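Residue numbers (this note's numbering): 158 to 499.
Ideal Cβ positions, reconstructed from N, Cα and C, are used throughout, including at glycine.
Just so it is clear, the structure is predicted and the values come from calculations on it, not from any experiment.
Note sheet for the following structure.
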Ligand code: CUA
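See below:
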């Protein structure tokens with residue numbers, strides 16, 4: 158396990174960790190500076206203005222506008238610098254870049270189940286390449302847990318019935334701690350693991366080592382068929398009695414209540430377990446709920462499948478008996494008027 162030479166400070170091993178540390182040391186620095194300044198002045202004044210005779214009467218003090226303005230404005234500027242710096246870092250941290258590699262994480266009492274987009278599964282271990290952006294899409298099967306990698310300075314709750322995301326780019330190969338940072342029952346303290354950062358080529362070999370495993374998108378496609386989703390949404394998500402799913406992910410969806418929403422992970426998950434919650438404009442409440450019929454991992458597979466459904470632009474369509482379409486590709490150009498609403 159990688160350790161740091163500074164006590165209590167975990168090793169710094171992601172593109173974000175140096176920035177978080179800089180902010181943290183700034184906050185600590187400001188705190189230490191003012192603690193010393195105020196206690197120093199306190200002691201100095203105690204001695205300088207001590208009562209010298211029992212009958213001494215202090216000189217009355219009138220207010221000073223200059224002084225009061227100064228000690229209001231300076232702390233205001235310092236506080237705002239913390240706010241602006243912190244907010245900037247918070248946004249950077251909480252917005253995963255678009256080109257990130259996706260990894261699915263499911264927490265459960267008391268383990269972390271991880272699946273890569275190629276199908277590779279792990280428990281309490283996360284293998285990642287250095288120098289690549291990784292986006293974690295996370296949820297839990299039972300209670301709230303918290304996925305914490307101190308060396309990367311990232312930490313986020315996993316919440317039942319919701320997806321949370323966080324991202325990182327590891328910089329140094331090595332093995333780092335992975336913790337559950339939310340008390341989740343008896344073996345909370347044992348809900349630990351490690352993150353193994355490898356050189357990209359080494360990682361590709363590792364990932365290729367178990368190529369027989371099914372990718373989440375392919376598993377999701379099978380679920381899509383066995384659960385009967387195809388009868389309304391079409392075998393390739395082209396739509397029918399239900400809205401089209403091809404090209405849906407990331408797009409704006411118009412709802413029957415006149416609102417619109419971005420089709421993100423949370424929306425798709427909700428539409429599977431509680432289809433009536435947000436009806437797409439132009440469609441009736443005919444879809445049954447799949448709550449309890451699919452596990453969190455299966456929901457993630459369905460999500461991966463829906464994400465993989467792309468609309469082929471006419472110019473790129475393969476004419477005739479070309480190479481077999483990859484799973485989840487719509488063979489013919491499809492319009493999305495069904496879900497577009499009017
Ligand atoms: Cu899971 Cu604490």
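Do you know how far the Cα of residue 439 is from the Cα of residue 252? Along the chain shown, read from residue 1 onward, the residue named residue 252 stands at position 95. Along the chain shown, read from residue 1 onward, the residue named residue 439 stands at position 282. Taking the CA atoms as reference points, residue 252 sits about 32 Å from residue 439.
Cβ shell of residue 302 (< 6 Å), same chain only, five flanking positions each side left out: Taking the first residue of the chain shown as position 1, residue 302 is located at position 145. Contacts found: 264, 315, 337, 339 and 341.
Residue of 351, 344 and 331 minimising C-alpha distance to residue 359: Here residue 359 refers to the residue found at position 202 of the chain shown. The shortest Cα separation from residue 359 among 351, 344 and 331 belongs to 331.
On the three-state DSSP scale, how would you describe residue 322? Translated into positions along the chain shown, residue 322 becomes position 165. Strand at residue 322.
Chain-order list of residues whose beta-carbon lies under 7 Å from that of residue 494 (same chain, five-residue window excluded): As a position in the chain shown, residue 494 is number 337, starting the count at 1. Confidence at residue 494 is low in this model, with a pLDDT of 41, below 50, so the placement of that residue should be treated as unreliable; the coordinate-derived value is given next. Excluding residues within five positions, none has a Cβ falling inside 7 Å.
Please state if the CB of residue 174 and the CB of residue 289 are separated by a distance shorter than 8 Å. What you label residue 289 is simply residue 132 of the chain shown in a count that begins at 1. What you label residue 174 is simply residue 17 of the chain shown in a count that begins at 1. No.
Examine the ligand CUA and report whether any of its heavy atoms sits within less than 7 Å of the Cβ of residue 339. In the chain shown, counting from the first residue as 1, residue 339 sits at position 182. Residue 339 Cβ: within cutoff of the ligand CUA.
Quick check on residue 340: does DSSP put it in helix, strand or coil? As a working mapping, residue 340 is identified with position 183 in the chain shown. Residue state, collapsed to three classes: coil.
Which residues does DSSP list as the beta-bridge partners of residue 284? To locate residue 284, count along the chain shown from 1; it is residue 127. 353.
Outcome for residue 222 when other beta-carbon atoms lying within 10 angstroms are tallied against a minimum of 16: On the chain shown, residue 222 is found 65 positions in, with the first residue counted as 1. Under this definition residue 222 is an exposed residue.
In whole angstroms, what separates the C-alpha of residue 241 from that of residue 248? Locating residue 241 in the chain shown gives position 84, where the first residue counts as 1. Locating residue 248 in the chain shown gives position 91, where the first residue counts as 1. Approximately 11 Å, taken between the alpha carbons.
Contiguous beta strand (DSSP E) assignments of at least 3 residues, all confined to the region 162-201: none
Rounded to a whole number of angstroms, what is the C-alpha to C-alpha distance between residue 321 and residue 262? As a first step, residue 321 is located in the chain shown; it is residue number 164 there, counting from the start. As a first step, residue 262 is located in the chain shown; it is residue number 105 there, counting from the start. Cα to Cα, residue 321 sits roughly 10 Å from residue 262.
Taking the straight line between their C-alpha atoms, what separation do you get for residue 384 and residue 293? For the purposes of this step, residue 384 is taken as the residue at position 227 of the chain shown. For the purposes of this step, residue 293 is taken as the residue at position 136 of the chain shown. Spanning the two alpha carbons is a distance of roughly 26 Å.
Check this for me: beta carbons of residue 455 and residue 380, under 8 Å apart or not? Position 298 of the chain shown, counted from the start, is the residue given in the question as residue 455. Position 223 of the chain shown, counted from the start, is the residue given in the question as residue 380. Yes, Cβ-Cβ distance for residue 455 and residue 380 is below 8 Å.
Within 7 Å: the Cβ of residue 345 and any heavy atom of the ligand CUA? Within the chain shown, numbered from 1, the residue matching residue 345 stands at position 188. For the ligand CUA, at least one heavy atom lies less than 7 Å from the Cβ of residue 345.
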